[in-house]
Ligand code: CAA
């Protein structure tokens, strides 16, 4: 078995729904002070999926941009793993739909990983180990995190909703982030902090308890990683913490800073606030405009860091904390690659934010209703007029209990339908 110390994330690309709702509008509708959502939770707006948009279409948007923008030969991809808790079928994985729509090789292994927001990190681990165990250096795995975060209307979780997908190419000569060779620190515990029963389209959450579970997992994994890696807080240049809402990142950083620095006389609030900006600021400028991406939220931070820091980030060390309710969490570290020209203008974060347009509260409610209907009704048909702009993949509806997806060719805006079990080579007649 070949071992390599350069395995990790070779390319990364983000997709966000093209519509969003401002949280000051949501606060007004919910009869809540706008400061609670904006300062208390740190959220300014949330991405809202449009009708015809689901975990599969978002995954396709992110993955196809990655393959195109980094000029990846799809034949080199020997494994596709999707981390998601927004699956569209109890048996058929999102990875199978995606494999067909991307036209990947029939020799590519495909599967989903589900463990709440931890799913993409588990997928990344499997992909890195798989690439490292292959005889050839140039094999790649594609990992995609794709989710829609949804809580009941008017509930405390509602302002933390969001949606989006992050695609990552994993390989042995990674140019974005090389995982460090220390043993990752893992903490698992069966808890009921956040879950979504099969019969519910919304997550159920014990909010305050979920924050406690997150913090406990963070403390444990931080301490253990410190022991196994020998790394101190000062050895990191950036820290990424799973972001269910931006204020949670601040809480996580303050906890670590308090554990490590309070006794060293650096617990002064102004010093802590400056340290937070230095360690976490470059990664958290986008998530306050997207809401929670569940599996993708941590990797949106990585993409945001690469996009904003560019050459400054090269060769720097990042500490990464992944948390999935239920629960499993992991702390690990990575080194950013040496050449920002590779990822500059390719992460897709700024473009995705630029393309977002605001919708009003009634439209948000209408989109929600459609999305819930989409997954409970076996005869669902999408309103083709409501599919949004700058988006190519559309979920058209269900026919004979089969989900039908369309990939719109740009710029001619020609619609082509492909059933889930056929690749582009077998694209069927346009609708
Ligand atoms: N002005 C300014 N700030 C205000 C305010 C006002 N008028 N009113 C309240 N606030 C502040 C509060 O002081 C509080 O800040 P601190 O936590 O720093 O004290 C913040 O706003 C939130 O207020 P509450 O604690 O009263 O909020 P809440 O009870 O309504 O809900 C929540 C907060 C529990 C996080 C809720 O949004 C929720 O359930 N979210 C979903 C669950 C979640 O995200 N859990 C995180 C850990 S689990 C995880 O990470 C997995 C995952 O992705 C889901």
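In my numbering, the protein residues as written are 38 to 468.
Beta carbons are placed, not taken as given, at the ideal position from N, Cα and C, and that holds for glycine.
Discussion item. Does residue 47 come out as helix, strand or coil in the three-state DSSP assignment?
Written reply: Assigned with DSSP and collapsed to three states, residue 47 falls in strand.
Worksheet item: Residue ranges of each beta strand (DSSP E) run of no fewer than 3 residues wholly in the stretch 140 to 216, ordered along the chain?
Response: 146 to 150, 177 to 186, 199 to 208 and 214 to 216
Practice prompt. Taking the CB atoms as reference points, tell me whether residue 182 and residue 52 lie closer together than 8 angstroms.
Written response: no
Practice prompt. Determine the contact status of residue 79 and residue 317, defining contact as a CB-CB distance below 8 angstroms.
Written response: no
Worksheet item: What do you reckon, is the C-beta of residue 137 under 7 angstroms from a heavy atom of ligand 1?
Response: no
Worksheet item: For residue 369, which three-state DSSP category applies?
Response: strand
Worksheet item: Would you call residue 195 buried or exposed, if buried means 16 or more other Cβ atoms sit within 10 Å of its Cβ?
Response: buried
Worksheet item: Mind checking whether residue 77 and residue 178 have CB atoms under 8 angstroms apart?
Response: no
Worksheet item: Taking residue 109 as the reference, which of 204, 149 and 436 has the closest Cα?
Response: Of 204, 149 and 436, the residue nearest in Cα terms is 204.
Worksheet item: So what does residue 57 bridge to, in DSSP terms?
Response: 84 and 395
Worksheet item: Count the other CB atoms within 10 Å of the CB of residue 54; is the residue buried (16 or more) or exposed (fewer)?
Response: buried
Fill in: Residues that residue 116 bridges to, as DSSP identifies them
146 and 178
Worksheet item: residue 298 by DSSP, collapsed to three states: which one?
Response: helix
Worksheet item: Hey, is the stretch 303 to 313 in contact with the stretch 375 to 386, meaning 3+ C-beta pairs nearer than 8 angstroms?
Response: no
Worksheet item: When we look at the beta-carbon of residue 394 and count the other beta-carbons within 10 Å, is it buried (16 or more) or exposed?
Response: So residue 394 ends up on the exposed side.
Item to complete: Using 10 angstroms around the beta-carbon of residue 299, count the other beta-carbons present and answer buried if the total reaches 16, otherwise exposed.
Response: exposed
Worksheet item: When we look at the beta-carbon of residue 271 and count the other beta-carbons within 10 Å, is it buried (16 or more) or exposed?
Response: exposed
Worksheet item: Under three-state DSSP, which class holds residue 111?
Response: In the structure shown, residue 111 sits in a helix (DSSP, three-state: H, G or I).
Worksheet item: Which same chain residues, not among the five before or five after residue 216, have their C-beta less than 7 angstroms away from its C-beta?
Response: 44, 45, 165, 369 and 371
Worksheet item: From residue 236 to residue 184, what does the alpha carbon distance come to, in whole angstroms?
Response: 18 angstroms
Worksheet item: Quick one, are the C-beta atoms of residue 374 and residue 211 less than 8 angstroms apart?
Response: yes
Worksheet item: So residue 219 is in the alpha helix (DSSP H); what residue range does that whole segment cover?
Response: No alpha helix (DSSP H) holds residue 219; DSSP gives it neither H nor E.
Discussion item. Just to check my reading of the structure: residue 338 and residue 321 have Cβ atoms closer than 8 angstroms, yes? What is that Cβ distance to the nearest angstrom?
Written reply: 6 angstroms
Worksheet entry | Reference residue 273; option with closest CA among 263, 279 and 280 | 263
Discussion item. Which same chain residues end up closer than 7 angstroms to residue 228 when comparing Cβ atoms and leaving out the 5 residues on each side of it in sequence?
Written reply: Around residue 228: 250, 363 and 364.
Worksheet entry | Start-to-end residues for the alpha helix (DSSP H) that takes in residue 359 | Note, residue 359: premise wrong, no alpha helix (DSSP H); beta strand (DSSP E) at 354 to 361.
Worksheet item: Would you report the Cα separation of residue 61 and residue 230, rounded to the nearest angstrom?
Response: 27 angstroms
Worksheet item: In chain order, which continuous runs of the alpha helix (DSSP H) of length 4 or greater are located wholly inside the stretch 308 to 355?
Response: The stretch 308 to 355 contains these whole alpha helix (DSSP H) runs: 334 to 346.
Fill in: Three-state secondary structure assigned by DSSP to residue 74
helix
Worksheet item: Helix, strand or coil: which one does DSSP assign to residue 13?
Response: No answer is possible for residue 13: the residues shown for the chain start at 38 and end at 468.
Practice prompt. Could you tell me which of 417, 127, 398 and 160 sits nearest to residue 66, measuring between CA atoms?
Written response: 398
Discussion item. Going by C-alpha to C-alpha distance, which of 293, 340, 93 and 275 sits closest to residue 133?
Written reply: 93
Practice prompt. Verify the contact flag: residue 242, CB atom, against every heavy atom of ligand 1, threshold strictly below 7 angstroms.
Written response: yes
Discussion item. Rounded to the nearest angstrom, what separates residue 72 and residue 193 at their Cα positions?
Written reply: Their backbone Cα atoms lie some 14 angstroms apart in a straight line.
Worksheet item: Quick one: what does DSSP say residue 137 is sitting in, helix, strand or coil?
Response: helix
Worksheet item: If you compare alpha carbons, which of 444, 168 and 353 is closest to residue 209?
Response: 168
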